[in-house]
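Protein chains in written order, with the working numbering: chain E, 1 to 211; chain H, 1001 to 1211.
Inspection log for the structure reproduced underneath, given as structure tokens.
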DNA sequence: CCAATATATGCCGGTTAGGCATAGTTCTAT
DNA sequence: ATAGAACTATGCCTAACCGGCATATATTGG
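This is how it looks when you write it as structure tokens:
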């Protein structure tokens, strides 16, 4: 099908996969997943294998990507994808649309903290400590990958975004640390609440029950 | 079915909805959505209406929540849900489990920036500016809601988490501002790349084409 | 040389979001 | 006073999406 001016309708993940291809290399589905874990993951989750493979099939059926089967020796082949001219155009058109969908944040750690009224304070502390350390590990990974990206001026925007990610995880780490310092005071305050008893009791009962 | 010690298997959203009920009030599905927009949203997306209603049905079928139909005047009724003792126990047991699922972040703004090599620099600047302002608006809302939560010591953990959210959106705003200051340098650097031409050309062509 | 790990792809079931439909209710502005 | 807008309240359907599982072959290290 020839290029028409309308931007094809794709889910965000579809654009992300096409974006991965837009750097110009010919990649297999497996390569794309690793690529995604390398860069995309720090700010846009990382699509699952199954998602990547099905998006690739859709991109190809829309003419935004094309593939060829690379056979080495004899039988075993892998499918290598590359972006088409139409794909480049579509991607540019998509990025030029004004609408940017809102940031999705699902923060399991904060969900647990928010349910502090049914938890043990020590457990909250443990979760937060773990999250702080995890954030620092992510920061370091972003830093390493950013340094990797800085060798090539064609990756200037990747480098920019990874610098952002480095700060993101540093901030995340610092907020966890700060929250740790506020936790005791919160627990104390909560226990002055008359309603605290019942919830507290339930958690206590559970512990007895499981022991 | 009677309480067994095993924690029932629920998706995170199910626990979040049960968590909303765990504050002790009797609420309709609609109330829950508003409640979620008021607190949950700042750190854990906000489940859609359909999701909330179907989770409520599941919670009830699992015995973790119960409902009664409130009729006013005559016919029109709404279903009011409350948490059961078993629900309280299950929630406490769930929060006490080690595993916390990883933070999900899907940052559409950074996705666009990452694709800077197919975009117009002015457009990137516009997106980023908008995001900075949006973050500040979210910060203010979190601040307002935190102040609302501070009146009741039973909401101490909600207040704690909303304080975190306030900082989160302030940090988000500041990172956007910082990135704005780095954008020109990145664009300049990118244009020194020999590969920049082709991508740039594609975007240019598109603009001509649409004009 | 065998085991472990990596490459490579796909299916399936369950979770989730978002749009749409519906219907009664309360508020608001002319 | 009343039309229309906005809010309350619930549910259905489609498409998106993840994670687990299954299945190969390929490479690497002990």
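By construction, the Cβ of each residue, glycine as well, lies at the ideal position given by its N, Cα and C atoms.
The structure displayed is predicted, hence computed values, not measured ones.
Status (buried if at least 16 other CB within 10 Å, exposed otherwise) for residue i
i, result
"residue 1087/H", "buried"
"residue 1030/H", "exposed"
"residue 99/E", "exposed"
"residue 202/E", "Because residue 202/E sits at a pLDDT of 49, beneath the cut-off of 50, its placement in the model cannot be relied upon, and the following sentence gives the value as read from the coordinates. Flag for residue 202/E reads buried."
"residue 1185/H", "exposed"
"residue 1077/H", "exposed"
"residue 70/E", "exposed"
"residue 165/E", "buried"
"residue 1159/H", "buried"
"residue 34/E", "exposed"
"residue 39/E", "buried"
"residue 1032/H", "buried"
"residue 1163/H", "buried"
"residue 156/E", "buried"
"residue 192/E", "exposed"
"residue 1001/H", "Low confidence applies to residue 1001/H: its pLDDT is 41, below 50, so where it sits in the model is not reliable, and the reading given next is rough at best. Exposed, by the Cβ-count rule."
"residue 1103/H", "buried"
"residue 126/E", "exposed"
"residue 1129/H", "exposed"
"residue 1023/H", "buried"
"residue 1009/H", "exposed"
For residue j and residue i, believed in contact at Cβ under 8 angstroms, the rounded distance
i, j, result
"residue 1091/H", "residue 118/E", "5 angstroms"
"residue 161/E", "residue 1114/H", "5 angstroms"
"residue 1021/H", "residue 1027/H", "7 angstroms"
"residue 1007/H", "residue 1084/H", "Actually they are not in contact, since the Cβ atoms of residue 1007/H and residue 1084/H sit about 15 angstroms apart, beyond 8 angstroms."
"residue 169/E", "residue 139/E", "4 angstroms"
"residue 1047/H", "residue 1036/H", "6 angstroms"
"residue 1067/H", "residue 1081/H", "5 angstroms"
"residue 1153/H", "residue 189/E", "5 angstroms"
"residue 1013/H", "residue 1051/H", "6 angstroms"
Per-residue contacts from residue i into chain E (C-beta, under 7 angstroms)
i, result
"residue 1066/H", "Neighbours of residue 1066/H on chain E: none; closest Cβ ~16 angstroms, over 7 angstroms."
"residue 1101/H", "108"
"residue 1164/H", "110, 175, 179"
"residue 1214/H", "Outside the displayed range of chain H (1001 to 1211) lies residue 1214/H, so it cannot be described from this structure."
"residue 1016/H", "111"
Proximal residues of chain H, C-beta to C-beta of residue i below 8 angstroms
i, result
"residue 22/E", "1115, 1117, 1118, 1199"
"residue 49/E", "Those within 8 angstroms of residue 49/E in chain H number zero; the least Cβ separation is about 17 angstroms."
"residue 84/E", "The contacting residues do not exist; residue 84/E stays about 11 angstroms from chain H at best."
"residue 12/E", "1106, 1108, 1111"
"residue 149/E", "Those within 8 angstroms of residue 149/E in chain H number zero; the least Cβ separation is about 11 angstroms."
"residue 36/E", "Within 8 angstroms Cβ-Cβ: nothing; residue 36/E doesn't reach chain H, min ~11 angstroms."
Element boundaries [alpha helix (DSSP H), containing residue i]
i, result
"residue 1130/H", "1121–1149"
"residue 1178/H", "1156–1191"
"residue 1019/H", "1012–1021"
"residue 1095/H", "1085–1095"
"residue 1054/H", "1049–1061"
"residue 1112/H", "1108–1114"
"residue 36/E", "29–38"
Per-residue contacts from residue i into chain E (C-beta, under 9 angstroms)
i, result
"residue 1171/H", "167, 168, 171, 172, 174, 175"
"residue 1060/H", "Result: empty, since nearest Cβ-Cβ is about 19 angstroms, beyond 9 angstroms."
"residue 1019/H", "111, 114, 115, 118"
"residue 1142/H", "By Cβ distance, chain E contributes nothing, its closest Cβ being about 12 angstroms from residue 1142/H, past 9 angstroms."
Contacts that residue i makes with chain H (C-beta to C-beta distance below 7 angstroms)
i, result
"residue 186/E", "1156, 1157, 1160"
"residue 44/E", "1106, 1107, 1110, 1111"
Under 8 angstroms by beta carbon: chain E residues contacting residue i
i, result
"residue 1128/H", "Per Cβ cutoff of 8 angstroms: no residues; residue 1128/H is ~10 angstroms from chain E at best."
"residue 1056/H", "Simply none; closest approach about 18 angstroms."
"residue 1182/H", "160, 163"
Terminal residues of the beta strand (DSSP E) in which residue i lies
i, result
"residue 1009/H", "It is not in any beta strand (DSSP E) - residue 1009/H carries neither H nor E in the DSSP assignment."
"residue 290/E", "This structure leaves residue 290/E out entirely; chain E is present only between 1 and 211."
Chain H residues whose Cβ lies nearer than 9 angstroms to that of residue i
i, result
"residue 153/E", "1189, 1190, 1191, 1192, 1193, 1194, 1195, 1196"
"residue 136/E", "Within 9 angstroms Cβ-Cβ: nothing; residue 136/E doesn't reach chain H, min ~14 angstroms."
"residue 70/E", "Within chain H, no residue comes near residue 70/E; the closest Cβ sits about 23 angstroms away, beyond 9 angstroms."
Segment contact flag, the stretch 173–181 of chain E with the stretch 57–70 of chain E, C-beta cutoff 8 angstroms, min 3 pairs: Touching, no.
Sufficient close CB pairs (3 or more, under 8 angstroms) joining the stretch 1130–1144 of chain H to the stretch 1163–1173 of chain H: Yes, the stretch 1130–1144 of chain H touches the stretch 1163–1173 of chain H.
Any 3 or more C-beta pairs closer than 8 angstroms across the stretch 40–53 of chain E and the stretch 1095–1112 of chain H: Contact between the stretch 40–53 of chain E and the stretch 1095–1112 of chain H is present: three or more C-beta pairs spanning the two stretches fall below 8 angstroms.
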